[in-house]
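Beneath this line is the structure, given in structure tokens, with notes to follow.
Number of protein chains: 2
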Amino acid sequence: MTTDSTAAGAALPAGPPLTARQEARRRRILHASAELAGRGGFDAVQMREVAEASDVALGTLYRYFPSKVHLLVATMQDQLQHLHATLRKRPPTEPEPGARVAQTLMRAFRALQREPHLADAMVRALTFADRSVSPEVDTVSRLTTAIILDAMGLDGAPTPEQLSAVRVIEHTWHSALITWLSGRASIAQVKIDIETVCRLIDLTAPVPRA
Amino acid sequence: MTTDSTAAGAALPAGPPLTARQEARRRRILHASAELAGRGGFDAVQMREVAEASDVALGTLYRYFPSKVHLLVATMQDQLQHLHATLRKRPPTEPEPGARVAQTLMRAFRALQREPHLADAMVRALTFADRSVSPEVDTVSRLTTAIILDAMGLDGAPTPEQLSAVRVIEHTWHSALITWLSGRASIAQVKIDIETVCRLIDLTAPVPRA
DNA sequence: AACCGTACTGAAACTTGTTCTAGATTAGCG
DNA sequence: CGCTAATCTAGAACAAGTTTCAGTACGGTT
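Which chain is which? The protein sequence lines are A and B, in order.
Numbering of the first sequence is given in this note's numbering, commencing with residue 58 and proceeding in unit increments.
Numbering of the second sequence is given in this note's numbering, commencing with residue 58 and proceeding in unit increments.
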């Protein structure tokens with residue numbers, strides 16, 4: 058539960074198993090990526106610097122992550138898994154599903170506020186990704202969906218309407234982050250947007266409370 | 058109304074007035090940008106090619122648009138103004154405000170489907186833009202907001218709740234476009250997302266019909 | 001019409017993501 | 001242990017966005 062190394066491998070279903078050295082390299086690279094991103098954001102993650110900081114040749118870096126966007130999306134996968142684990146430990150306290158999701162997303166948002174540059178790098182990479190990164194972006198999307206569904210605290214499987222609502226919430230979440238990161242929306246504004254969109258959930262799931 | 062040269066200047070509130078030659082240069086640049094974007098999308102808009110196609114030196118191009126993202130966001134402003142004018146001519150037919158907005162956005166979506174590469178270039182630039190492009194991105198946002206508010210067909214001024222709903226709709230609109238452009242969502246999926254989020258409007262504006 | 005400051009041109013240079021190559025290491029295997 | 005294929009390294013090379021600079025053309029002023 059507290060060890061994240063076990064969960065980390067689960068995100069990469071394909072490819073041959075890596076040796077210990079290779080796993081260590083991969084981890085060093087992701088660490089360097091997050092480190093550099095934590096400073097200057099997207100632009101500060103320069104492939105040569107990542108390679109040097111993780112003690113790996115440039116060509117090797119590109120063997121592990123075929124582009125800067127791939128690298129940053131993988132970094133986001135990594136961070137999201139940490140976040141998911143953290144959020145699980147303290148489930149939301151609100152009774153209504155919509156409020157629970159809003160509460161959870163606001164917690165995530167506060168976590169991002171502590172590392173705005175890292176958030177910048179990851180979110181920009183995510184929305185800038187083209188088709189060649191689709192599988193990885195999809196993994197991130199599934200992780201996000203899982204976090205939201207977790208927060209809803211459903212009894213059974215979600216209905217199609219609920220899944221649509223969750224998709225829209227995800228859209229709003231990403232786009233609101235972008236506007237905040239580029240300085241066009243305040244923290245308060247993002248909060249309002251999240252709370253607004255979360256009303257959709259209570260609209261589709263009219264509280265089947267006992 | 059039909060001449061766009063008059064409307065084009067309205068989007069740039071700052072800066073000294075341009076001479077006729079300068080206005081013509083600006084227009085040639087935007088045309089070349091849209092042309093190239095219409096082919097290969099974001100990557101196909103190469104600054105050297107834009108400069109050559111618009112018969113302008115590279116340095117001059119950068120004087121008019123300080124970065125590729127600035128250029129593409131300006132291109133989006135331009136296209137949005139066309140779109141706004143086109144949409145005004147045929148207002149939505151649905152009675153409910155939410156359905157009117159959904160109908161309008163689906164029209165816009167169909168227009169984008171005709172030029173998917175152009176859409177790719179513009180939307181990617183928009184979400185990739187950093188703080189240095191905030192004013193221009195904000196202009197695009199205001200244009201989009203205007204289109205949505207137009208579609209709602211309000212009698213008076215929108216309430217704060219309605220403005221929040223519109224913001225969330227914009228978030229969903231941009232993010233849904235991204236997922237479609239990167240091949241992670243189908244056209245049908247985008248339609249559902251738009252219709253889902255547009256319910257928020259009828260939630261905040263409970264049909265003050267007569 | 002001569003003059004001055006600003007804008008434009010053409011071309012080179014610089015930056016950073018990405019690719020390529022030749023040689024050194026490593027991992028797995030008989 | 002010795003062999004072989006795959007991986008890794010160091011570094012050059014390439015591509016496209018961006019900057020810079022010396023010289024030229026333009027627009028307004030006197």
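Note that the Cβ used here is the ideal one computed from N, Cα and C, for glycine as well.
This structure is a prediction, so every number in the text was calculated from the model and none was measured.
From the options, residue whose alpha carbon lies closest to that of residue i
| i | options | result |
| --- | --- | --- |
| THR150 (chain A) | A:THR161, A:ALA142 and A:ARG256 | A:THR161 |
| ARG271 (chain A) | B:PRO74, B:HIS88, B:ASP100 and B:ALA91 | Past the edges of chain A, shown from 58 to 267, lies residue 271 (chain A), and the structure says nothing about it. |
| ILE249 (chain A) | A:PHE122, A:MET163 and A:LEU75 | A:MET163 |
| PHE185 (chain A) | B:PRO74, B:VAL113, B:THR202 and B:GLY98 | B:GLY98 |
| ASP207 (chain A) | A:ALA156, A:THR236 and A:SER191 | A:ALA156 |
| ALA239 (chain B) | B:TYR121, B:ASP177, B:LEU137 and B:VAL194 | The question names Ala, but residue 239 (chain B) in the sequence shown is Ser. It is B:ASP177 whose Cα lies nearest to the Cα of SER239 (chain B). |
| ARG193 (chain A) | A:GLN103, A:THR132 and A:SER111 | At residue 193 (chain A) the sequence reads Glu, which differs from the Arg that was named. Cα-wise, what sits closest to GLU193 (chain A) is A:THR132. |
| ASP112 (chain A) | A:ILE235, A:ARG84, A:HIS139 and A:VAL247 | A:ARG84 |
| GLN209 (chain B) | B:PRO123, B:ILE258, B:ALA77 and B:SER198 | With the sequence shown as reference, residue 209 (chain B) is identified as Met, and Gln is not the correct amino acid for it. If we check each option's Cα against that of MET209 (chain B), B:ILE258 comes out closest. |
| GLU252 (chain A) | B:ARG224, B:ILE251 and B:ILE244 | B:ARG224 |
| ASP212 (chain A) | A:ALA165, A:ARG167, A:PRO154 and A:SER198 | A:PRO154 |
| THR143 (chain B) | B:PHE122, B:ALA242, B:PRO152 and B:ALA165 | B:ALA165 |
| PHE122 (chain A) | A:THR216, A:ARG147, A:PRO148 and A:GLN79 | A:GLN79 |
| ARG120 (chain A) | A:ARG145, A:LEU75 and A:VAL102 | A:LEU75 |
| ARG241 (chain A) | B:ALA242, B:THR196, B:ALA214 and B:LEU220 | B:THR196 |
| VAL126 (chain A) | A:VAL102, A:ARG145 and A:PRO148 | A:VAL102 |
Supposed contact pair residue j and residue i - C-beta distance, whole angstroms, cut 8 angstroms
| i | j | result |
| --- | --- | --- |
| GLU218 (chain A) | GLY95 (chain A) | Wrong, their Cβ atoms sit about 39 angstroms apart, outside the cutoff. |
| SER107 (chain B) | ALA89 (chain B) | Rather than Ser, the amino acid found at residue 107 (chain B) in this sequence is Val. The pair is a contact, with the Cβ atoms about 5 angstroms apart (cut-off 8 angstroms). |
| LEU128 (chain A) | ARG256 (chain B) | No, LEU128 (chain A) and ARG256 (chain B) are not in contact; Cβ-Cβ is about 38 angstroms, not under 8 angstroms. |
| LEU115 (chain A) | ILE86 (chain A) | With 8 angstroms as the limit, LEU115 (chain A) and ILE86 (chain A) do not qualify as a contact, their Cβ atoms being about 11 angstroms apart. |
| LEU200 (chain A) | GLN138 (chain A) | 7 angstroms |
| VAL180 (chain B) | HIS231 (chain B) | 7 angstroms |
| ILE205 (chain A) | VAL254 (chain A) | About 11 angstroms separates the two Cβ atoms, so there is no contact after all. |
| ALA182 (chain A) | VAL130 (chain A) | 6 angstroms |
| THR229 (chain B) | THR229 (chain A) | 6 angstroms |
| ALA91 (chain A) | GLN134 (chain A) | That belief does not hold up - the Cβ atoms of ALA91 (chain A) and GLN134 (chain A) are roughly 11 angstroms apart, past 8 angstroms. |
| ALA168 (chain A) | LEU140 (chain A) | 6 angstroms |
| ILE226 (chain A) | TRP237 (chain A) | So it is not a contact: roughly 16 angstroms between Cβ atoms. |
Taking a Cβ distance cut-off of 7 angstroms, strictly less, list which residues of the segment 220-240 of chain A are near chain B, in chain order.
-> SER221, ALA222, ARG224, VAL225, HIS228, THR229, HIS231, SER232, ALA233, ILE235, SER239 and GLY240
Please name the residues in the segment 248-260 of chain A whose beta-carbon is closer than 8 angstroms to at least one beta-carbon of chain B, in chain order.
-> ILE249, ASP250, THR253, VAL254, ARG256, LEU257 and LEU260
Identify each residue in the segment 183-204 of chain B for which the Cβ-Cβ distance to at least one residue of chain A is less than 8 angstroms, and report them in chain order.
-> THR184, PHE185, ALA186, ASP187, ARG188, VAL190, SER191, VAL194, ASP195 and SER198
Segments assigned alpha helix (DSSP H), at least 4 residues, entirely inside the segment 97-167 of chain B = 104-110, 115-121 and 125-146
Considering only residues of the segment 162-228 of chain B, which uninterrupted alpha helix (DSSP H) runs meet the minimum length of 4 residues and lie entirely inside it, listed in chain order?
-> 173-185 and 191-209
What residues in the segment 154-184 of chain B bring their beta carbon closer than 7 angstroms to a beta carbon of chain A?
-> ARG181 and THR184
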